[in-house]
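Mind the numbering: the sequence shown is residues 71 to 480 in my numbering, read in order. Note that the Cβ used here is the ideal one computed from N, Cα and C, for glycine as well. Let me begin by presenting the structure, written as structure tokens, before commenting on it.
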Amino acid sequence: MKFMYFFLPTLPATLEERKRLRPIASHPERWQQLIDEVVELAQVAEDVGFDAVCFPEHHLHSEGIEIGSLPVLTQHVIHHTRRIKVGPIGYVLPGWNPLRLALEIAWLDQLTRGRTFVGFARGYQTRWLNQMAQKIHVTATSSDKSEADRINREAFEEVFQFLKLAWGDEPFRFKGKYYEYPYPQEGTPWPAHEWTREYGFPGEVDELGRIQKINVVPKPYQRPHPPLFQAFSVSEETIRWCAREQIIPTILLPQPPVVRKFAEAYREESHKAGRDLNLGERIGVLHSIYMADSKEHGRELARHGMAGVAFPKFFHHFGFSEAWRLPEDEARYPSGKVMLPAHEVTAERLEQCKFAYIGTTDDVRREMDAMEENVHPEWFVWQGDQGFLPKEEVKRQIVRFGKEIIPRYR
Numbered sequence: 071m072k073f074m075y076f077f078l079p080t081l082p083a084t085l086e087e088r089k090r091l092r093p094i095a096s097h098p099e100r101w102q103q104l105i106d107e108v109v110e111l112a113q114v115a116e117d118v119g120f121d122a123v124c125f126p127e128h129h130l131h132s133e134g135i136e137i138g139s140l141p142v143l144t145q146h147v148i149h150h151t152r153r154i155k156v157g158p159i160g161y162v163l164p165g166w167n168p169l170r171l172a173l174e175i176a177w178l179d180q181l182t183r184g185r186t187f188v189g190f191a192r193g194y195q196t197r198w199l200n201q202m203a204q205k206i207h208v209t210a211t212s213s214d215k216s217e218a219d220r221i222n223r224e225a226f227e228e229v230f231q232f233l234k235l236a237w238g239d240e241p242f243r244f245k246g247k248y249y250e251y252p253y254p255q256e257g258t259p260w261p262a263h264e265w266t267r268e269y270g271f272p273g274e275v276d277e278l279g280r281i282q283k284i285n286v287v288p289k290p291y292q293r294p295h296p297p298l299f300q301a302f303s304v305s306e307e308t309i310r311w312c313a314r315e316q317i318i319p320t321i322l323l324p325q326p327p328v329v330r331k332f333a334e335a336y337r338e339e340s341h342k343a344g345r346d347l348n349l350g351e352r353i354g355v356l357h358s359i360y361m362a363d364s365k366e367h368g369r370e371l372a373r374h375g376m377a378g379v380a381f382p383k384f385f386h387h388f389g390f391s392e393a394w395r396l397p398e399d400e401a402r403y404p405s406g407k408v409m410l411p412a413h414e415v416t417a418e419r420l421e422q423c424k425f426a427y428i429g430t431t432d433d434v435r436r437e438m439d440a441m442e443e444n445v446h447p448e449w450f451v452w453q454g455d456q457g458f459l460p461k462e463e464v465k466r467q468i469v470r471f472g473k474e475i476i477p478r479y480r
């Protein structure tokens, strides 16, 4: 098993401070504290044996939680560590111009000599994705099978298809619903066509001196491209798409039967594509960890961390209740769609549904053993608590996990 620490980069503050200093994102010293904490915790994770750290992409959050994931943050952390891989899970593809993203990814991979990876996401937050994707008329989605959801997936897959061409060795033409290259398609006038005809890639320019194909350079340092991940999958449709495209899904739904079903679907779809995998190979799972000297102390940490603050106050508004389903919810929600009220989204519920592993080393090992026996995931992704719990507590958790948990599953 490989281990990844997932930062939700958060300006360190208590709820009281967030209210008193609102908006806390206007305070430069808090940004400096965030950057210092992320670097220091990444260094600790590296020292105790983690294979990677990652970030999401989110923007405009004046409340100060889950701040961004642009290439510059990845490069900054790599610059201050020695070996650990660092990357996004992931770039929200509908919000990116595909050519600009291909260039950002390749430059980052070259500058860091292959110490990065690439993650993808579709985007569920309207506040910022609707602004970034406005020119192609794509909005955020809650994966509800609506027309907006269909269009979002369409744009997501179009950007991904462009990236695959950009990482290839040949110049190419591309015409999708939202983007076309070259632009215009009949050819881009190019005054220096004689220079390009002599020194550029054959076929880039035609006899009239127009660009007819583009050749994206640089190529990534890792060939044909860095490892690919998909952000926090919740549907079998996404799992099967990842299998066909050789992407590692990171599964958000924690319930053991669901995770097993997704892992089997991934293996089945990979076999159809000509790749025979073991169960759990190229699969990631996402969980929270709260290690302490007693179960109750672990639960107290969870109540003050991501599990007890961000989930009920923020994330539950976006339909994540499906991830926290318990067996008794079947009778309470006959439609099968769980939308829990905030007061029911508790650290205890996240523990019951097997998202949060809480307690002593033995408690956490029991949950890890059961998860390992159920699905044998290649990647274990820990949803961290930077910015919610004090930095020294987060460090203590990472060190303890590295010493007492990681060696057992290597």
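Alpha-carbon spacing of residue i relative to residue j, whole angstroms
| i | j | result |
| --- | --- | --- |
| residue 426 | residue 125 | 19 Å |
| residue 299 | residue 316 | 9 Å |
| residue 335 | residue 448 | 15 Å |
| residue 402 | residue 170 | 47 Å |
| residue 473 | residue 209 | 44 Å |
| residue 88 | residue 133 | 7 Å |
| residue 376 | residue 86 | 16 Å |
| residue 398 | residue 325 | 13 Å |
| residue 166 | residue 432 | 44 Å |
| residue 280 | residue 253 | 11 Å |
| residue 337 | residue 160 | 23 Å |
| residue 459 | residue 345 | 42 Å |
| residue 147 | residue 340 | 34 Å |
| residue 238 | residue 206 | 25 Å |
| residue 225 | residue 247 | 8 Å |
| residue 314 | residue 90 | 49 Å |
| residue 174 | residue 199 | 19 Å |
| residue 149 | residue 400 | 49 Å |
| residue 122 | residue 342 | 30 Å |
| residue 363 | residue 463 | 13 Å |
| residue 417 | residue 288 | 46 Å |
| residue 140 | residue 422 | 34 Å |
| residue 144 | residue 101 | 16 Å |
| residue 99 | residue 142 | 19 Å |
| residue 444 | residue 195 | 32 Å |
Where the alpha helix (DSSP H) through residue i begins and ends
| i | result |
| --- | --- |
| residue 105 | 98-117 |
| residue 202 | 196-202 |
| residue 229 | 217-236 |
| residue 379 | Segment: none, residue 379 is in no alpha helix (DSSP H) and carries neither H nor E. |
| residue 83 | Careful: residue 83 lies outside any alpha helix (DSSP H) and carries neither H nor E. |
| residue 137 | Unbroken run through residue 137: none, as it is neither H nor E. |
| residue 180 | 168-181 |
| residue 372 | 365-374 |
Run of the beta strand (DSSP E) containing residue i, from where it starts to where it stops
| i | result |
| --- | --- |
| residue 122 | 122-125 |
| residue 479 | Here residue 479 belongs to no beta strand (DSSP E); instead the alpha helix (DSSP H) covers 476-479. |
| residue 357 | 354-361 |
| residue 157 | 155-158 |
| residue 189 | 188-191 |
| residue 72 | 72-76 |
Close-in-space but distant-in-sequence residues of the same chain around residue i (CB under 7 Å, 5 per side omitted)
| i | result |
| --- | --- |
| residue 386 | 410, 412 and 415 |
| residue 245 | 255 |
| residue 271 | 241 and 285 |
| residue 223 | 192 |
| residue 260 | 266, 275, 279, 280 and 281 |
| residue 151 | 112, 113 and 116 |
| residue 129 | 138 and 198 |
| residue 179 | 186, 290, 291, 292 and 296 |
Supposed contact pair residue j and residue i - C-beta distance, whole angstroms, cut 8 Å
| i | j | result |
| --- | --- | --- |
| residue 429 | residue 368 | 5 Å |
| residue 452 | residue 76 | 6 Å |
| residue 468 | residue 111 | 7 Å |
| residue 74 | residue 479 | The Cβ separation is near 13 Å, so there is no contact. |
| residue 135 | residue 381 | That pair is no contact at about 11 Å. |
| residue 119 | residue 476 | 5 Å |
| residue 352 | residue 309 | In fact, because the Cβ distance is near 11 Å, the residues do not count as touching under 8 Å. |
| residue 419 | residue 396 | 7 Å |
Chain-order list of residues whose beta-carbon lies under 8 Å from that of residue i (same chain, five-residue window excluded)
| i | result |
| --- | --- |
| residue 168 | 228, 229, 232, 233, 236 and 249 |
| residue 494 | Residue 494 falls outside the range modelled here, since the chain spans only 71 to 480, and no answer is possible. |
| residue 191 | 126, 127, 159, 160, 161, 162, 163, 300, 301 and 302 |
| residue 365 | 428, 429, 430 and 433 |
Proximal residues to residue i (C-beta, below 6 Å), its chain only, five neighbours per side dropped
| i | result |
| --- | --- |
| residue 446 | 349 and 350 |
| residue 103 | 82 |
| residue 437 | 427 |
| residue 184 | 291 and 292 |
| residue 203 | 164 and 165 |
| residue 172 | 233, 236 and 286 |
| residue 297 | 187 |
| residue 78 | 136 |
| residue 323 | 304 and 393 |
| residue 321 | 303, 329, 332 and 355 |
| residue 251 | 244 and 284 |
Heavy atom of the ligand HEM within 7 Å of residue i beta-carbon
| i | result |
| --- | --- |
| residue 368 | Inclusion of the ligand HEM in the displayed structure is not the case, the ligand content being empty and no account of it being possible. |
Alpha helix (DSSP H) segments (min. 4 residues) lying fully within the region 251-327: Scanning the region 251-327 from its first residue to its last, the whole alpha helix (DSSP H) runs of 4-plus residues come out as 263-269 and 306-315.
Which ranges does the alpha helix (DSSP H) cover as unbroken runs of at least 4 residues, wholly within the region 381-453, from first to last along the chain? Within the region 381-453, complete alpha helix (DSSP H) segments of at least 4 residues are found at 399-402, 417-422 and 431-445, given in chain order.
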